[in-house]
Amino acid sequence: MIHSGELTKYILVRTREDIPVHAYDLQKTHVNRFHTFAKIVHSKSSTYLNSSQIDNTITHYVIIRRRDDKCLTTDNEIVFKNKIYRIKRVREIEESTSFLLIECEEIGADE
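Taking numbering that gives the first Met the number 0, the leading residue of the sequence shown gets 0, the next gets one more, and so forth.
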């Protein structure tokens with residue numbers, strides 16, 4: 000069971016949008032930003048191995064308090080300590096509708 004006191008990491012959630020620039024270039028922009036507290040956990044090695052075999056790699060789980068004013072999708076990214084995590088899937092934690100479990104893939108450093 001998750002408790003609010005376990006959400007100790009202050010993360011940024013943002014939506015990435017790629018805007019065409021000139022003929023062959025894209026400029027990335029970030030909109031719909033909000034900060035929240037989270038718990039970040041590395042996935043187990045078996046989860047990583049199985050997810051990488053189907054090309055849907057899960058490296059981290061992020062748990063946040065449910066926010067009805069925000070809709071999280073795979074268009075969102077999570078930024079924590081200059082690392083970017085791409086959201087792969089969002090679901091409610093089974094024992095509680097107050098928290099969301101976000102499955103993520105670490106994709107590199109924030110620019």
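Virtual Cβ for every residue (Gly too), placed ideally from N, Cα, C.
DSSP bridge partner residues for residue 91 (one or two, in chain order): 99
Burial state of residue 94 (16 or more Cβ within 10 Å): exposed
Candidates 35, 31, 86 and 17, of which the one nearest residue 103 by Cα: 86
Residues that residue 75 bridges to, as DSSP identifies them: 14
Own chain residues within Cβ distance below 7 Å of residue 74, not counting five before or after: 14 and 15
Segment contact flag, the region 17–24 with the region 54–63, C-beta cutoff 8 Å, min 3 pairs: no
CB of residue 37 within 8 Å of CB of residue 81, strictly: no
Residue 100 to residue 26 span [Cα, whole Å]: 30 Å
Spatial neighbours of residue 5 in its chain, beta-carbon cut-off 7 Å, leaving aside the 5 residues before and after: 38
Extent of the continuous beta strand (DSSP E) to which residue 24 belongs: 24–41
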